[in-house]
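*Asks:*
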Amino acid sequence: MELSEFLARPKLNIEFYKRDVVTVAQNLLNQYFVHKESGSYLIGKIVEVEAYSKIDDEASHSFKGRTKRNASMFLGGGHLYVYLSYGINYCANIVTGEIEAGDAVLIRAVEPVYGVSKMAINRTSNNVVFKEMNRDLTNGPGKFSKAFNINLTHDAENLLGENIFILENYSLREEIISTERIGISKSKNLIRRFYINNSKFVSKR
DNA sequence: GCTAAGATGGACT
DNA sequence: GTCCATCTTAGCC
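Going by this note's numbering, the letters in the first sequence line up with residues 4 to 208, in that order.
(1) Taking 8 Å as the threshold, find out whether the segment 139 to 158 comes into contact with the segment 107 to 123 through three or more Cβ pairs.
(2) Given E178, which residues of its chain have a CB within under 8 Å of its CB, disregarding the five upstream and five downstream residues?
(3) Mapping DSSP to helix, strand and coil, what is I2?
(4) Just verifying my parser: in three-state terms, what is the DSSP assignment at A54?
(5) Quick one: what's T182 bridged to in DSSP?
(6) Check each candidate in K21, L15 and E51 and name the one with the smallest Cα separation from R184.
(7) For the structure I just gave you, are there three or more beta carbon pairs, one from the segment 166 to 174 and one from the segment 130 to 149, closer than 8 Å?
(8) Would you mind working out which of V113, E101 and V98 sits nearest G143, comparing C-alpha positions?
(9) Assuming I81 and N161 are in contact, meaning their beta carbons sit under 8 Å apart, how far apart are those beta carbons, in whole angstroms?
(10) I'd like to check one pair, T99 with R12: are the Cβ atoms closer than 9 Å?
(11) For the ligand FAD, is there any heavy atom lying closer than 8 Å to the beta carbon of N30?
(12) Can you tell me the Cα-Cα spacing of L87 and I187, whole angstroms?
(13) Going by CA-CA distance only, name the one from T141, A54 and I102 that's closest to S181.
(14) Could you tell me how far apart the beta carbons of F204 and R126 are, in whole angstroms, since I believe they sit closer than 8 Å?
(15) Using 10 angstroms around the beta-carbon of N192, count the other beta-carbons present and answer buried if the total reaches 16, otherwise exposed.
(16) Using alpha carbons as the reference points, say which of S56, L45 and S7 lies closest to F77.
(17) What is the rounded straight-line gap between the Cα of R141 and the Cα of Y173?
(18) Could you spell out the range, first to last residue, of the alpha helix (DSSP H) harbouring L6?
(19) From the DSSP secondary-structure annotation, give me the bridge partner or partners of H82.
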């Protein structure tokens, strides 16, 4: 698909993000995540997410209240929360709900749809550029952030602005699977991981 | 002040 | 399958 076809779509607006975290998580699937950087675009279709809530969720970074790291979770729907995971990888979240709600949706995987060669360059390690359209390019929260060049400088970014935003794509009817979340030990019983069934870019494990 | 655990990924057996 | 890199936080001395 041409870049102009993506950019003709409307951005998700503040009303979309201000709803409850599980609703937003489910509705983020299939939409186009966009990072515009120095004039070039990286675009991915969101295929896997997890919801985290301050209310009833011990696995959420916000559960015990505000810290320096999680402050942007309290900015209200339509912001980005980026944190450093295991001291190594960045993870990107979409903040939802009202100001001070402390809820957010972790983006676990996207399907690359535009700017794939730049994503492959961003995922270079040991001087080896990643093979394009390999599923390992973006099939995990840290991999997605690296491919889209998202780091702590993007923490608290406003998703209604010009750098990072999400474009509407409601057209396709995909089968959505709901499961327990991955890689956590508390509140494991909550069914708050959602992914598109037929996507090969859904994370492993 | 110290230590353990963590919303992970990559290298290796 | 196992191991480990390395930063933040919480909980305990």
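Cβ atoms here follow ideal geometry from the backbone N, Cα and C, with glycine treated the same way.
*Replies:* Taking the definition as stated:
(1) yes
(2) I199, N200 and N201
(3) Since the displayed the chain opens at 4 and closes at 208, residue 2 lies outside it and no answer follows.
(4) strand
(5) R196
(6) E51
(7) no
(8) V113
(9) The amino acid at residue 81 is misidentified as Ile; the sequence shows Gly. Yes, they are in contact, since the Cβ atoms of G81 and N161 sit about 7 Å apart, within 8 Å.
(10) no
(11) Here there are no bound small molecules, and the ligand FAD is not part of this structure.
(12) 16 Å
(13) A54
(14) Not quite, the Cβ-Cβ distance comes to about 13 Å (not below 8 Å), so this is no contact.
(15) exposed
(16) S56
(17) A small correction: the amino acid at residue 141 is Thr; Arg does not occupy that position in the sequence shown. About 21 Å.
(18) L6 to L10
(19) N161
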